[in-house]
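Participant: Mind looking over this structure? Questions follow.
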Amino acid sequence: MGWRQLAEKGRFLDAAKLIDAYIKEHEDLDELQRVNLHFHAGQMYAFAGDAKTAVERFGRSTYVEEPPELSLRWNAYVQATIAFLDKDLKRLKECREEITEGPTFQGKKANLEVVDRLIEHFDEPYGPREGDRPLFKLTLIFYSVKG
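Mapping of the sequence shown onto this note's numbering: position 113 corresponds to residue 113, and the numbering continues sequentially without gaps.
And the structure:
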């Protein structure tokens, strides 16, 4: 069973550990693959309630130099997620502003809605809750903060 299937069953810690094992076994991953896998591991740890490990994994999910062809401010999005977990509203809002100054993709600022939900639900836990409407299904069904 893959990590997404584990996540869909609510087995977030198992999913996170599976991603970690995959990263460890595949030293030949390119930067994009490492960035994405560390981000998803961070999400899984956060969903499992382990904010400390989540922040560490999210910290590994930024680009050393953000590729100029990216249609989003990825590093700002990651830092916004970390700020949410660290309960740093000022930093979260600064990251939001950085995203608004970034490129537009298909008429939208990518991940801006997610960051707005993080701000709107700042005092709530990160992750899915029963009855939540997922904000995105693009990379994982659990990209929501209660909304």
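Built from N, CA and C at the ideal position, the CB exists for glycine as well.
Take W74 as the anchor and find which of F84, A21, C95, F122 has the nearest alpha-carbon.
Facilitator: C95
Participant: Could you give the distance in angstroms between the alpha-carbon of G10 and the alpha-carbon of Y126?
Facilitator: 14 Å
Participant: From the DSSP output, which residues share a beta bridge with F105?
Facilitator: K108
Participant: Which same chain residues end up closer than 7 Å to Y45 when comparing Cβ atoms and leaving out the 5 residues on each side of it in sequence?
Facilitator: A16, T53, A54, R57
Participant: So, using beta-carbon positions, are W3 and I19 closer together than 7 Å?
Facilitator: Cβ atoms of W3 and I19: closer than 7 Å.
Participant: When the cut-off is 7 Å and only beta carbons count, does E56 lie next to chain B?
Facilitator: Among the chains of the structure shown, chain B does not appear; only one protein chain is present.
Participant: Do you know whose CA, among P67, L85, H121, lies nearest G102's CA?
Facilitator: P67
Participant: Name the two residues that bound the continuous alpha helix (DSSP H) containing H38.
Facilitator: Per DSSP, the continuous alpha helix (DSSP H) segment holding H38 begins and ends at 31 to 47.
Participant: Mapping the DSSP letters down to three states, classify T81 as helix, strand or coil.
Facilitator: Correct three-state label for T81: helix.
Participant: If I measure Cβ to Cβ from F105 and keep anything under 7 Å in the same chain, skipping five residues before and after, which residues do I get?
Facilitator: S71, L72
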